[in-house]
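The opening residue of the sequence shown carries number 31 in this note's numbering; numbering runs sequentially from there. Glycine included, each C-beta is placed from N, C-alpha and C at the ideal position. Bear in mind the structure is a predicted one, so any value in this text is a computation, not a measurement. Report on one structure; see the data block that follows.
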Amino acid sequence: MRIGGELRCVQRHRDSVEDIGAGFPSRRLHGARSYSRPLAPAFRDFGAAAEKPRARRQPVIAVANQATSSRPRFQWNSTFRASQTCRDRGNTRVTTDYLWEEESSAKTETAADRRERWRDYLQRRQGSVGLGFSARDESNDFGWKTLAQVSGDLQIVRFSSGQVHYRRTVRDTKIDGDDGYRLMVPVRGEFKLAQGERAEIFTPGSVALFRWDLPVLMQQDEPLESLILTVPRHLVNHDLADSAPLALDVGRPLVPMLVNQINQLHADPGAWTTHDFRVAYRSTLVLLEGLLDRAQPLPEGRYALVAAQARETMERLADDLKLTPDTVARMCGVSRRTLYTALTTTDDVTPAALLREIRLARARERLSHPGTIQMSQIAEAAGYSSVRRFSTAFQRQFQLTPLQMREQLLV
């Protein structure tokens, strides 16, 4: 179906579609260049074409060459559970309630089938959404690939695809019943996003936060690689999230930290256990909530997440002697007092004591390595200006002096 001589409608509904984001603002955007051109006429008309009544109430797929294609629709069972601790199944790996899977259009023969499989993938992983492809690009090789990690209602997907437009309507939101949010972090390329009266352009380094229970449209006019994070409504303060800007303010130091933490979630999917993935994921959501309102006091139930994030940060950066409880608090998106309360409530340890314990444990590991590492070097790496002070703290922690520990470990 041609729309405005330019856009091909892939999903149509017979209910009316609200007019959202008729154009993008001519102003400097958060973390992106200014953009003054309105939406392409074909894309603006996408919603109008969707109003055409149809006999069927279910979404109808109209893809190029679909009428003459006898190929069955691509099916995938994404709800299976492994009966053992860990199981590999093709490009999908499941560890109890955690799975990661890779998919792509590499082996799909025709452009119509690649587009159809992309629609099916989005339906399964994100929900109902309409797709639009430029008519002049019909002969081009539209392709896509994804890597998804899922544990219950927590999901992060890294995807790349060719040019495509997306529109999620009122009807789509009612079909899904998903009242959560989505965080999108572009890695390469840019996209334009509109929801309600707000519209922004997003480039690498910027972060989009939008509601999934409201109509939204996204215009992607070039190849894009991006991360998209599902944010369940019950895991964040929805009053803060509902009123959040479409583009998070990249001028705040917490935004690059949030981007880094989302990238860390995706960095090594094969290494996650269910527990670690869920702890890291929820820590990301705690950071997001702190970004939305730094002054908002944390409920007691979330202190454990702050404590887990602080411990992970200290263990990862303990060798950097510039790391202090204050910097850890900033990286976790909370005040020093909140960090103190979280750690003392959860682990019965102060931030300074925890950092000291982690560094002394690193010193113990260095003592176990055969070689010629000088005691003064080990002491300095642990943050002590003298061997005597290091020895006193070490003995208090392990009931042995560093020399006694070295002799014991190297026997």
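- Annotation for residue 256: 189, 214, 215, 216 and 217 place their beta carbon closer than 7 Å to its own, counting only its chain and skipping 5 residues before and after.
- Its Cα nearest to that of residue 383, the residue 424 stands out among 318, 239 and 424.
- Residue 225 has its alpha-carbon roughly 27 Å from the corresponding atom of residue 182.
- With respect to the 9 Å criterion, residue 258 and residue 187 are classified as neighbours on the basis of their beta carbons.
- Boundaries of the beta strand (DSSP E) around residue 225: 221-225.
- Cβ-Cβ separation between residue 311 and residue 295: approximately 6 Å, consistent with a contact (criterion under 8 Å).
- Residue range 174-181 is occupied by the beta strand (DSSP E) that includes residue 178.
- Here residue 133 is near residue 176, since their CB atoms are less than 9 Å apart.
- Taking every protein chain shown into account, the CB of residue 222 has 16 or more other CB atoms within 10 angstroms, so this residue is buried.
- Following the DSSP letters along the chain, one finds residue 295 in no beta strand (DSSP E) but inside the alpha helix (DSSP H) bounded by residues 284-297.
- Following the DSSP letters along the chain, one finds residue 417 inside the alpha helix (DSSP H) bounded by residues 417-428.
- DSSP lists 222 as the bridge partner or partners of residue 231.
- Counting the other CB atoms within 10 Å of its CB gives residue 299 a total of 16 or more, which places it among the buried residues.
- A direct Cα-to-Cα measurement between residue 420 and residue 339 gives close to 27 Å.
- Runs of the beta strand (DSSP E) lying entirely within the segment 357-418 and spanning at least 3 residues: none are present.
- Under a 10 Å Cβ-count criterion, residue 264 is classified as exposed, with fewer than 16 other Cβ atoms of the shown protein chains found around its own Cβ.
- From the listed residues 160, 373, 172 and 137, the smallest Cα separation to residue 145 is found for 172.
- Between the alpha carbons of residue 148 and residue 197 lies a distance of about 14 Å.
- Straight through space, the alpha carbons of residue 270 and residue 368 are spaced by roughly 19 Å.
- Sequence-distant Cβ neighbours of residue 262 in its own chain, meaning closer than 6 Å and more than five residues away, are 183 and 210.
- A Cβ-Cβ separation of about 6 Å places residue 288 in contact with residue 237 under the 8 Å criterion.
- Assignment of residue 245 by DSSP, reduced to helix, strand and coil, places it in the coil class.
- C-alpha of residue 314 to C-alpha of residue 272: approximately 18 Å in a straight line.
- Under the Cβ criterion (8 Å, minimum of three pairs), the segment 300-310 does not count as touching the segment 226-233.
- Burial state of residue 212 is buried, judged by a 10 Å Cβ sphere holding 16 or more other Cβ atoms.
- Counted as a single uninterrupted DSSP element, the alpha helix (DSSP H) harbouring residue 314 occupies residues 304-322.
- Secondary structure at residue 270: helix, using DSSP grouped into helix, strand and coil.
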